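Q: Numbering (my numbering), first residue to last: 230 to 636.
Glycine included, each C-beta is placed from N, C-alpha and C at the ideal position.
Small disclaimer: the values here were computed from a predicted structure and weren't measured.
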Amino acid sequence: MHKSLRNIRFSIKPQIQEGDRPVELARTMSIHPLTYQELPYDPEYSQYAGRLTTEKLSNASPDEQYWKTKQEIILRHTGEHPYEISGPDALKLLQRIFPRDISKVKKGRCSYQFACYHNGGIITDGLLLRIDENCYWFAQADGDMFSWYKANSEGLDVNIKEPNVFVSQIQGPKSMELLDHLIDETVAKEWNYFDWAEVTMAGEKVIVSRTGFTNELGWEIYFRPENNAEMLGDLILNEGTKMGMIITATPSFRGRRIEAGLLSAGQDFTNETNPFTVGLGRFVDLEKEDFIGKRALQNADKNCRSWGIRVVDGIAKKGRSIKLNDQPIGNITSSTWSPYQVCGVGIALLDKSEIGPGTVVDVECTDEKIHKAELCKLPMYDPKGEIVRGINKKIPTKPEPWTGIKS
């Protein structure tokens, strides 16, 4: 890469129409119906799953967004892209596409899923919702699943369509309190992690799920075409603001999802990495009947090469080499600063599985200097997921600095 590009960030910016240039977006750049809520904060966007997702807002620093997520409540309009798979053979297609047993997913439940190519490489991941007996939504991360469904549905009685559903996430310790205030039903107090329900909000039926990408307490709302998204979105923002909620961009997710070991499609795994390589082997059911990639995964190395990394006084540069005794041993796939642990945090993909947690390494950081770092297990804390399940309700009031290696 040319040196002039090393510190350049490319982004998509909204602009007022000038002259005769048409106001339109490419098919790969559809916008969330609540994008207007972000416009006052000089937003920057990136492309994600054929949609735009907010990378930066001026209303709060990355550290402020992190603490709002961990201590209070945030609203994030995502680029998640749901597709609908329905018909008598919907289950048969999904059993062919995904390595997990889809028949175990009951109506009212969600399930984390990813799809693989025939060589075992991961296409993308996402959240599967069983809407009805023969109807599913797969809210996918970045990647082309629509073509993959089509390519593998020959001979099946199945309908694959774009339901034009958009997703927003409400995350943080106060999120359930807000949901309970907004809806007529009592599900906010009753449902479990990875449940979904159709509820009544301001007289409208909406789908909400007990999920998110922060590993904090939270929920997601799915705006269907028949919903008045503006009315509902303004209600959520206005009522949430009274509780301290702010609207956020990617930084509100990045720190917590890295600490929790939640992988980002296209960054922490690609079509060159199989699930076992990146610690997702527990989501592969090699006992189920044939699915795409099964043979390759049966023969794959089952050892994990993806670990967390904590950095002393710096943020590791994404994509740069990790070195041990001056020899490259892997790369940084995700990184940021953790205000809670008071250190850089990241996810690393190593070349060999023999090296793992506890290993002290050298990494290049955003200050162009080499810093000491230590590989660690993921998640970095809360290994049983008690925060996201609402079991651990203790809200941190101050940082708990990492006390590992020193600079």
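1) With a threshold of 8 Å, are at least 3 pairs of Cβ atoms found where one atom belongs to the segment 318–327 and the other to the segment 371–388?
2) First and last residue of the alpha helix (DSSP H) that includes I544?
3) Which of helix, strand or coil does DSSP assign to M430?
4) Taking just the CA atoms, how far does Y277 sit from G462?
5) Tell me, which residues are paired with F442 by DSSP?
6) What do you get for V571, buried or exposed, if any count of 16 or more other CB atoms within 10 angstroms of its CB means buried?
7) In whole angstroms, what is the alpha-carbon distance linking D555 and N363?
8) Grab the span of the beta strand (DSSP E) containing E488 for me, first residue to last.
9) Any idea what DSSP makes of N467, helix, strand or coil?
10) Write down the C-beta distance between C605 and G543 rounded to the nearest angstrom, noting that I regard them as a contact closer than 8 Å.
11) Is the Cβ-Cβ distance between I351 and P504 less than 8 Å?
12) In the DSSP assignment, what are the bridge partners of N560?
13) If you measure between the beta carbons of Y365 and I314, is that distance less than 8 Å?
14) Grab the span of the beta strand (DSSP E) containing R539 for me, first residue to last.
15) Measuring straight from C-alpha to C-alpha, what distance separates F343 and I599?
16) Which whole-angstrom value is the C-beta distance of P243 and L268, which I expect to be below 8 Å?
17) With distances taken from CA atoms, which of I331, E455, V394, G522 is nearest P311?
18) State the DSSP-derived secondary structure class of S376, mapped to helix, strand or coil.
19) Quick one: give me the first and last residue of the beta strand (DSSP E) that W366 is part of.
20) Are G194 and I302 close, meaning C-beta to C-beta below 8 Å?
21) So I326 is in the alpha helix (DSSP H); what residue range does that whole segment cover?
22) Within the same chain, show all residues whose beta-carbon is closer than 7 Å to that of V617, passing over the 5 residues directly before and after it, in chain order.
23) Count the other C-beta atoms from every protein chain shown that fall within 10 angstroms of the C-beta of S382, then say buried if there are 16 or more, exposed otherwise.
24) To the nearest angstrom, how far is it from the Cα of D361 to the Cα of K336?
25) Quick check on the burial criterion: 16 or more other C-beta atoms within 10 angstroms. Buried or exposed for E603?
26) Who does I302 pair with in a DSSP beta bridge?
27) According to the neighbour-count rule (16 or more other Cβ atoms, all chains shown, within 10 Å of its Cβ), is T470 buried or exposed?
28) What residues in its chain sit with their C-beta under 6 Å from that of D354, if we drop five residues either side in the sequence?
29) Name the one or two DSSP bridge partners that F395 has.
30) Taking only the alpha-carbon atoms, compute the straight-line gap between D497 and I475 and give it to the nearest angstrom.
31) From the DSSP output, in three-state form, read off R280 for me.
32) Is R549 near V589, with beta carbons less than 8 Å apart?
33) Quick check: the Cα distance between A529 and N500, rounded to an integer number of angstroms?
34) So, for D386: in the same chain, excluding its five sequence neighbours on each side, which residues have a beta-carbon less than 7 Å away from its beta-carbon?
35) Alpha carbon to alpha carbon, how far is Y295 from I399? Give it in angstroms, no decimals.
36) Do you know how far the Cα of A431 is from the Cα of R359?
A: The relevant details are as follows:
1) yes
2) For the purposes of this step, residue 544 is taken as the residue at position 315 of the sequence shown. Run containing I544: none; DSSP gives neither H nor E here.
3) Within the sequence shown, residue 430 is the residue found at index 201, counting from 1. Strand at M430.
4) Translated into the one-based positions of the sequence shown, residue 462 becomes position 233. Translated into the one-based positions of the sequence shown, residue 277 becomes position 48. G462 and Y277: Cα-Cα distance of roughly 21 Å.
5) Position 213 of the sequence shown, counted from the first residue, corresponds to residue 442. The partner list for F442 (beta bridge, DSSP) is empty, contrary to what the question assumes.
6) Numbered from 1 along the sequence shown, position 342 holds the residue referred to as residue 571. Answer is exposed; the Cβ neighbour count stays below 16.
7) For this step, residue 555 is matched to residue 326 along the sequence shown. For this step, residue 363 is matched to residue 134 along the sequence shown. When rounded, the distance between both Cα atoms is 55 Å.
8) As a working note, residue 488 is residue 259 in the sequence shown. E488 -> not in any beta strand (DSSP E); alpha helix (DSSP H) instead, spanning 480–489.
9) What you label residue 467 is simply residue 238 of the sequence shown in a count that begins at 1. If DSSP states are grouped into helix, strand and coil, N467 belongs with the helices.
10) Counted from its first residue, the sequence shown places residue 605 at position 376. Counted from its first residue, the sequence shown places residue 543 at position 314. Incorrect: roughly 16 Å between the Cβ atoms, too far for contact.
11) Counted from its first residue, the sequence shown places residue 351 at position 122. Counted from its first residue, the sequence shown places residue 504 at position 275. It is a contact, given that the beta carbons lie within the stated cut-off.
12) Position 331 of the sequence shown, counted from the first residue, corresponds to residue 560. Answer by DSSP bridge pairing, in chain order: S550, L578.
13) As a working mapping, residue 365 is identified with position 136 in the sequence shown. As a working mapping, residue 314 is identified with position 85 in the sequence shown. It is a contact, given that the beta carbons lie within the stated cut-off.
14) Taking the sequence shown and counting its residues from 1, one reaches residue 539 at position 310. Start and end: 535–540.
15) As a first step, residue 343 must be located in the sequence shown, where it is residue number 114. As a first step, residue 599 must be located in the sequence shown, where it is residue number 370. About 35 Å.
16) Residue numbering aside, residue 243 sits at position 14 when the sequence shown is read from its first letter. Residue numbering aside, residue 268 sits at position 39 when the sequence shown is read from its first letter. With 8 Å as the limit, P243 and L268 qualify as a contact, their Cβ atoms being about 6 Å apart.
17) Translated into positions along the sequence shown, residue 311 becomes position 82. Among I331, E455, V394, G522, the Cα nearest to that of P311 belongs to V394.
18) Translated into the one-based positions of the sequence shown, residue 376 becomes position 147. Of the three classes helix, strand and coil, the one that applies to S376 here is helix, per DSSP.
19) The residue labelled residue 366 in the question sits at position 137 within the sequence shown. From DSSP, the beta strand (DSSP E) with W366 extends over 364–369.
20) As shown, the chain starts at 230 and ends at 636. That puts residue 194 outside it, with no answer to give.
21) Taking the sequence shown and counting its residues from 1, the one referred to as residue 326 is at position 97. I326 -> alpha helix (DSSP H) spans 319–326.
22) As a first step, residue 617 must be located in the sequence shown, where it is residue number 388. Only Y422, N444, E445, L446 meet the Cβ criterion.
23) Within the sequence shown, the letter at position 153 stands for residue 382. Buried.
24) For the purposes of this step, residue 361 is taken as residue 132 along the sequence shown, with counting starting at 1. For the purposes of this step, residue 336 is taken as residue 107 along the sequence shown, with counting starting at 1. Cα to Cα, D361 sits roughly 6 Å from K336.
25) Position 374 of the sequence shown, counted from the first residue, corresponds to residue 603. The residue is buried, with at least 16 neighbouring Cβ atoms inside 10 Å.
26) Translated into the one-based positions of the sequence shown, residue 302 becomes position 73. Answer is none; I302 lacks a bridge partner.
27) Counting from one through the sequence shown, the residue named residue 470 turns up at place 241. Per the 10 Å Cβ criterion, exposed.
28) Numbered from 1 along the sequence shown, position 125 holds the residue referred to as residue 354. Only F343, A370, A494 meet the Cβ criterion.
29) For the purposes of this step, residue 395 is taken as residue 166 along the sequence shown, with counting starting at 1. Its beta-bridge partners are F452.
30) Along the sequence shown, read from residue 1 onward, the residue named residue 497 stands at position 268. Along the sequence shown, read from residue 1 onward, the residue named residue 475 stands at position 246. The alpha-carbon atoms of D497 and I475 are separated by roughly 28 Å.
31) Counting from 1 along the sequence shown, the entry for residue 280 is found at position 51. Strand.
32) What you label residue 549 is simply residue 320 of the sequence shown in a count that begins at 1. What you label residue 589 is simply residue 360 of the sequence shown in a count that begins at 1. No, the pair does not count as a contact, with Cβ atoms beyond the cut-off.
33) Here residue 529 is taken as the residue at index 300 of the sequence shown, counted from 1. Here residue 500 is taken as the residue at index 271 of the sequence shown, counted from 1. C-alpha separation (whole angstroms): 14 Å.
34) Along the sequence shown, one-based indexing puts residue 386 at 157. Excluding sequence neighbours, D386 sits near G316, P317, D318.
35) Position 170 of the sequence shown holds residue 399. Position 66 of the sequence shown holds residue 295. When rounded, the distance between both Cα atoms is 14 Å.
36) On the sequence shown, residue 359 is found 130 positions in, with the first residue counted as 1. On the sequence shown, residue 431 is found 202 positions in, with the first residue counted as 1. Rounded to the nearest angstrom, the two C-alpha atoms are 25 Å apart.
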